[in-house]
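Undergrad: Residue numbers (my numbering), protein chains in the order written: chain B, -2 to 354; chain P, 6 to 343; chain E, 103 to 437.
Quick reminder that beta carbons are idealized off the backbone N, C-alpha and C, glycines included.
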Amino acid sequence: MILLLRSFLVPAGSVLLAFLTGGILLFLSGSHPVEAYIALFQGAFGDLSSISRTLEKATPLIMNGLAIAFALKAGLFNIGAQGQFLFGAFAAAVAGFYVQAIPSVFHIPLAIFAGMTAGGIYGLVQGALKAFSGAHEVITGIMCNYIAINMTDYLVNHPFRDRSPGNIVARTPQILDTSRFPDVAGIPLGFIAAIIAAILVWWIVRYAVFGFEIRVVGSGINAARYSGVRIRSVLMGTMLISGALAGLGGAVETQGVVHRFQPGFNTGLGFEGITIALLGRVHPLGIIPAAILIGAMKAGAGMMQFSAGVENEIIDVIQALILFFVTADVILQKMLPGIKWAEGERLSLSTGWGGNS
Amino acid sequence: MVDRALPAICIYCWIFTIILFPATAMSGCGDGKTFCIGLVTDVGVIDDKSFNQSAWEGVQKAGAELGAVIKYMETRDAKDYEQNIHMFAKNNYDVILTVGFALGEATIQAAGKYPRIAFIGIDQFQAKPVHNVAGLIFREDIAGFKAGALSSMLSKTNIIAAVMATDLVPPVAAFQKGYKAGARYINPDIKIISSFHPGGLDASFTDPEWGASTAAQAIAQGADVVFAAGGLTGNGALIEVAAHRGKYCIGVDTDQWFTVPSARSCLVSCALKQIAPAVFTLIKLAHQDQFPEGNYYGDVALSSFHDFDKKIPEKIKQDLLEIESRIKDGRITISADE
Amino acid sequence: MMAVSRLRPGARGEMLCVFLWISVTACIVCSYWISPVVTVAVLSSALRQSTPLVLGAMCGLLSERSGVMNIGIEGQMLMAAFWGFLMHVWTGSLMMGVISGLAAGAFAGFLFAWMSVSMKMDQIIAGTIINILAVGLTGFFYPTGMSSAGKLKIYSVPLLSEIPLAGPVLFRMSPIVFLTICIVFLLHYCLFYSRWGLRTRATGEHPKAAATMGISVVKLRYGNIMIGGCIAGLAGAFLSLESVGVFERGMTNGRGFIALAVMIFGKWTPIGAWGAALLFGLSMSVQTQLQFDRVLSLPHQFTGMLPYLITIIVLAIFIRRNRPPASLGVSCERE
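(1) Please return the same chain residues whose Cβ sits closer than 8 Å to the Cβ of D5/P, not counting the five positions on each side in sequence.
(2) Between R76/E and chain P, is any beta-carbon pair separated by less than 7 Å?
(3) Check whether the Cβ atoms of A287/B and M113/B sit closer than 7 Å, and answer yes or no.
(4) Tell me the DSSP secondary structure of D99/P in three-state form.
(5) Label W135/E either buried or exposed according to how many other C-beta atoms from any shown protein chain fall within 10 Å of its C-beta, with 16 as the threshold for buried.
(6) Does DSSP classify K253/E as helix, strand or coil?
(7) Considering only C-alpha positions, which residue in the set F209/B, V166/B, M301/B, T264/B is nearest to E32/B?
(8) At a Cβ cut of 8 Å, what residues of the region 135 to 162 of chain B count as close to chain E, listed as they run along the chain?
(9) In the DSSP assignment, find the alpha helix (DSSP H) that holds D395/E and state where it starts and stops.
(10) Using CA atoms only, rank isn't needed, just tell me which of G299/B, F188/B, R227/B, A221/B is closest to I90/P.
(11) What are the complete alpha helix (DSSP H) segments, minimum 4 residues, inside the region 44 to 74 of chain B?
(12) With distance defined between alpha-carbon atoms, name the residue in K38/P, R250/P, N96/P, T103/P nearest to F56/P.
(13) Short of 8 Å Cβ to Cβ, which residues in the region 196 to 213 of chain P face chain E?
(14) Whose Cβ in chain P lies nearer than 8 Å to the Cβ of Q302/B?
(15) Can you tell me the Cα-Cα spacing of W192/E and G120/B, whole angstroms?
(16) Between which residues of its own chain and F157/B is the CB-CB distance below 6 Å, once the five residues before and five after are set aside?
(17) Quick one, which of T413/E, V388/E, R396/E has its alpha-carbon nearest C129/E's?
(18) For the region 258 to 288 of chain B, list every residue whose C-beta sits within 7 Å of some C-beta in chain P, in sequence order.
(19) For A132/B, collect the residues of the same chain with a Cβ closer than 6 Å to its Cβ; drop the 5 residues on either side in sequence, then sort them by chain order.
(20) Per the contact definition of three or more C-beta pairs closer than 8 Å, is the region 106 to 116 of chain P in contact with the region 275 to 284 of chain P?
(21) So is G335/E in contact with chain P if we call contact Cβ pairs under 7 Å?
(22) If we count the other Cβ atoms within 10 Å of its Cβ and call it buried at 16 or more, is G235/P buried or exposed?
(23) Under a CB-based cut-off of 7 Å, is T438/E close to chain B?
(24) Determine whether the beta carbon atoms of A276/P and G149/P lie at a separation below 7 Å.
(25) Counting C-beta neighbours from all protein chains within 10 Å, is the total for R357/E 16 or more, i.e. buried, or is it exposed?
(26) Going along the chain, which unbroken runs of the beta strand (DSSP E) with 3 or more residues stay wholly within the region 64 to 123 of chain P?
(27) Counting C-beta neighbours from all protein chains within 10 Å, is the total for R423/E 16 or more, i.e. buried, or is it exposed?
(28) Can you tell me which of S209/P, L325/P, E329/P puts its alpha carbon nearest to the alpha carbon of M158/P?
(29) Just to confirm, does A305/B get its C-beta within under 6 Å of one of the non-hydrogen atoms of the ligand ZN?
(30) Following the continuous alpha helix (DSSP H) through K333/P, name the residue where it begins and the one where it ends.
(31) If we define contact as Cβ-Cβ less than 7 Å, is L237/P a contact residue for chain B?
(32) According to DSSP, what are the bridge partners of R160/B?
(33) Distance cutoff 7 Å, beta carbons only. Does A363/E sit that close to anything in chain B?
(34) Quick check on L289/E: buried or exposed, where buried means 16 or more other Cβ atoms within 10 Å of its Cβ?
(35) Grab me the residues of F42/B's own chain with a C-beta within less than 6 Å of its C-beta, minus the 5 sequence neighbours each way, in chain order.
(36) Measuring only the C-alpha atoms, how far is F210/P from I198/P?
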């Protein structure tokens, strides 16, 4: 019980500390901190529609966070999540408008499946490059991101362009109503999917045989070799699942929010996934609150700008502060000397660029 | 030590702030007397030295003249377009400007939801007129055509260059098309070397270094006039050309003589989209309840030659006027690509 | 395969690399024979585009060789580009600008070192914080309407710049590009042949053993990260004071991350990273040239993909395995 309380109290205290420090910054930049934070809160949780916007913003962050965290368990740093995400979003859009005259019950899963497959295959390519030639996934990931951007740019500008009269924009047609996500009891379906995905990932990592193999590979390549784990299959499988998670994120964005694929609408989400994964301490269930926190800041930023006149860049700085205080628990530790720190609770996830090969 | 002092400092500062700083008052839009104008930017910032900035200048001018309340919202994420427009609409703004083709869909949707608000969509072509939306669009191909003709006349090496962001953005594609057509109109044999940024839509407008090195690469193989269209990427190219003696550069969108002063030593002219005056006119029309629906064409032109005015031969100026009149009466049509 | 496997480990990769460079050189000579002007233009552009990547990679390499994973190169560059430009405008001196850029980079490095070494925060998070902070701060304090007095001038070495091909490419260039090449070789020498280099590598491989040998791991890491920050600062100064001439928001545009890839590509060695960056720069400028000459009548997205595709292909075929320093990412606890 104390453990549970502490695992909640410490991050909450850190976030509070970050907001307090951010308040000073807001004051210095000439806005009223209380007013700004009230606006932020209203924008993020003020009414039902803002809550659902917060969840909408959190959803792709959860997915990408999961993708990154899952790969990190095997010691792989999937910086290519952005590219997998883009392909997922694109494939879901194509499935969403090409396949016609089937009921929602089939169309929604079909488009999701298309997105997951596209993202998964793109991840698998990077996994296979790693497994068979040892090509480092950070390099292939960064390069694959640019290739994905160029590829989707081309696809929406030429073969899959929205040909409706009067359209001058490079984008796909809108997806059909049958493939769009409905809200379930006021909560976007995508968010529910993200929660289910998080629980599934947690289960795989914790209890499944494959999850065990992943953790063995993650703890060291030699140990894995001696314990008879098929390293190549594990690496490829990890990247496949990680890519599928990112692709699922893309599909959810297309089906739940954007309703088509348009370049420029999915910028930077893969990189934010890294932040989320680390903020959530690479724990599939820890990622959810982390994503909601950052999602709320994104959702509330507009209101903060509108009614408190806070410049957009300040939001970035506050985000950096949150990251800092949540990770640098040493500070809180010093301030709250009463709480005993357990050994091994320290956060060190980034062991060596996933130095496995 | 510092770690322990931190919370205390925080708390003091907070108390200080709350006492000293009263909350700002409400604006009073929608009371029938105050005229309110809101602007939603495309993803980016208001002082982008490009179309967001030009549009805001138009709004500022209108605000000063009409005594209106003006405000802008910078968009951080393309998915927030709708929400940002909604923010103004909910607060009963009278005119809402949305800047950039990407906001087209969100603007139409908001217009349906708030029929009493006038929407001005910059670079948004209206296929079906909506009574409270004016799409402010520009014939970038004509501006590009004139720039191309000017380049072609200025070039001594018969090689001219174009440094572009990406053809995914309709205005950039139109500029390029017009530029090529204009250059070939003057000299069919001219060599036009042009390149798009390899980073796709996400990175292509914010990479001045790429613009600069690409311009340098073009100059090194003999290009002596460089046309740069593409936000900050283009600005990088302009400044690079300024570092080379005897080369010319042509800017785009706004009069970059003012926005990119570092490029003055090469900047002969700019292919202008007169966003600010057109925005001003449209806002005034909205204020007088004469808001036009459908597409409203803003002016395009070449900017003044500034310091180069004396160096440009009279012949070239005459020819440009001639082209202008031929475009007007339809003797020149820009359609042929490549 | 049998014959190859009898060679000492790594030799096959080295042979392939040599083969790769011989063929690239042959291509360059051939194209110079066909069109000297274009070849020189492409090569100069390649050198120029590779410069920030090389410097970024050197920054990463310095901290990673001592065991600290550095994902914050992008942020360090951006802060330096910003501060360098600002100081240049205020003081009116380019030299002051460059020096302040270096100082800003070192300061960002210090911040990063404080978080990752002293606070023992996770190193990826520390780097990410630097990146986000740089975007926020430089964006917020963005100098509107400032213009500079100019940028660093191109310098031609008197006699050497007259040599065909090599002359105009190597000896007619701007100071930071030139300095970069010096830094690469200097770092290579220091890392592999000096006491400091030995200590750095020892710390990167096995910090505890290094500590028992009397090396102060914390001090060494601080030092290396801050020198690395200086070098990233030079990359920032290159962007805002030499190549472009002004500061713009987000002007690094992902170069810090590509530098990261370049560093790993070069197997955490200065010369290797330099080669990788040159390869990337070359494929970038060739890409531009292909669009200039309209060799391929494909949509420009396909030519745009080339640099990235080439990197992956070369990596998969020629470079293959890259082993990082053993203790990378593990914060060293003092026992």
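TA: Once the coordinates are examined:
(1) With chain P covering only 6 through 343, there is no way to say anything about residue 5/P.
(2) Past the edges of chain E, shown from 103 to 437, lies residue 76/E, and the structure says nothing about it.
(3) One-based indexing of the first sequence puts residue 287/B at position 290. One-based indexing of the first sequence puts residue 113/B at position 116. A287/B is not a Cβ neighbour of M113/B, given a cutoff of 7 Å.
(4) The residue labelled residue 99/P in the question sits at position 94 within the second sequence. Residue state, collapsed to three classes: coil.
(5) Start at 1 with the first residue of the third sequence, and residue 135/E comes out as number 33. Exposed, because fewer than 16 other Cβ atoms sit within 10 Å of the Cβ of W135/E.
(6) As a first step, residue 253/E is located in the third sequence; it is residue number 151 there, counting from the start. DSSP places K253/E in the coil class of the three-state scheme, outside both helix and strand.
(7) Position 35 of the first sequence holds residue 32/B. It is M301/B.
(8) Listed by position along the chain: V135, I136, T137, I139, M140, C141, Y143, I144, N147, M148, D150, Y151, N154, H155.
(9) Sequence index remark: in the third sequence, residue 395/E carries index 293 (1-based). It spans 372 to 395 - the alpha helix (DSSP H) in which D395/E sits, taken as one unbroken run.
(10) Here the question's residue 90/P lines up with position 85 in the second sequence. Comparing Cα-Cα distances from I90/P to each of G299/B, F188/B, R227/B, A221/B, the minimum goes to G299/B.
(11) Listed in chain order, the complete alpha helix (DSSP H) runs (minimum 4 residues) inside the region 44 to 74 of chain B are 45 to 70.
(12) Mapped onto the second sequence, residue 56/P falls at position 51. Of K38/P, R250/P, N96/P, T103/P, the residue nearest in Cα terms is T103/P.
(13) Within the region 196 to 213 of chain P, the residues whose Cβ lies closer than 8 Å to some Cβ of chain E are I198, S199, S200, F201, H202, P203, G204, G205, A208, T211, D212, P213, listed in chain order.
(14) Counting from one through the first sequence, the residue named residue 302/B turns up at place 305. Residues of chain P with a Cβ closer than 8 Å to the Cβ of Q302/B are, in chain order, M78, E79.
(15) What you label residue 192/E is simply residue 90 of the third sequence in a count that begins at 1. What you label residue 120/B is simply residue 123 of the first sequence in a count that begins at 1. Rounded to whole angstroms, the gap between the alpha carbons of W192/E and G120/B is 48 Å.
(16) To locate residue 157/B, count along the first sequence from 1; it is residue 160. For F157/B, same chain residues with a beta-carbon under 6 Å away, outside a window of 5 residues either side, are T169 in chain order.
(17) Stepping through the third sequence from its first residue, residue 129/E is reached at position 27. Minimum Cα distance to C129/E is reached at V388/E.
(18) Within the region 258 to 288 of chain B, P260, G261, F262, T264 place their CB atoms closer than 7 Å to a CB of chain P, listed in sequence order.
(19) Residue mapping note: residue 132/B aligns to position 135 of the first sequence, counting from 1. Cβ neighbours of A132/B beyond the five flanking positions: L126.
(20) Under the three-pair Cβ rule at 8 Å, the region 275 to 284 of chain P does not count as touching the region 106 to 116 of chain P.
(21) If you number the third sequence from 1, residue 335/E lands on position 233. It does not: the Cβ of G335/E has no partner Cβ on chain P nearer than 7 Å.
(22) Position 230 of the second sequence, counting from 1, holds the residue named residue 235/P. With a threshold of 16 other beta carbon atoms within 10 Å, G235/P meets it and is buried.
(23) For residue 438/E there is no data in the structure shown, the boundaries of chain E being 103 and 437.
(24) Walking along the second sequence from the start, residue 276/P turns up at place 271. Walking along the second sequence from the start, residue 149/P turns up at place 144. Yes, the pair counts as a contact, with Cβ atoms nearer than the cut-off.
(25) Sequence index remark: in the third sequence, residue 357/E carries index 255 (1-based). So R357/E counts as buried.
(26) Correct list: 74 to 80, 100 to 104.
(27) Counting from 1 along the third sequence, the entry for residue 423/E is found at position 321. So R423/E counts as exposed.
(28) Taking the second sequence and counting its residues from 1, the one referred to as residue 158/P is at position 153. Closest in alpha carbon position to M158/P, among S209/P, L325/P, E329/P, is L325/P.
(29) Summarising the ligand content, the structure contains no ligands, and the ligand ZN is consequently not present.
(30) The count along the second sequence starts at 1 and reaches residue 333/P at position 328. Counting along the chain, the alpha helix (DSSP H) containing K333/P begins and ends at 319 to 333.
(31) Position 232 of the second sequence, counted from the first residue, corresponds to residue 237/P. Interface flag for L237/P against chain B is unset, since no Cβ pair is found closer than 7 Å.
(32) As a first step, residue 160/B must be located in the first sequence, where it is residue number 163. None, per the DSSP bridge assignment.
(33) What you label residue 363/E is simply residue 261 of the third sequence in a count that begins at 1. Yes, A363/E lies at the interface with chain B (some Cβ there is under 7 Å from its Cβ).
(34) Numbered from its first residue, the third sequence carries residue 289/E at position 187. It counts as buried.
(35) Your numbering for residue 42/B matches position 45 in the first sequence. Excluding residues within five positions, the ones whose Cβ falls inside 6 Å are I48.
(36) Counted from its first residue, the second sequence places residue 210/P at position 205. Counted from its first residue, the second sequence places residue 198/P at position 193. Straight-line measurement puts the Cα of I198/P at about 19 Å from the Cα of F210/P.
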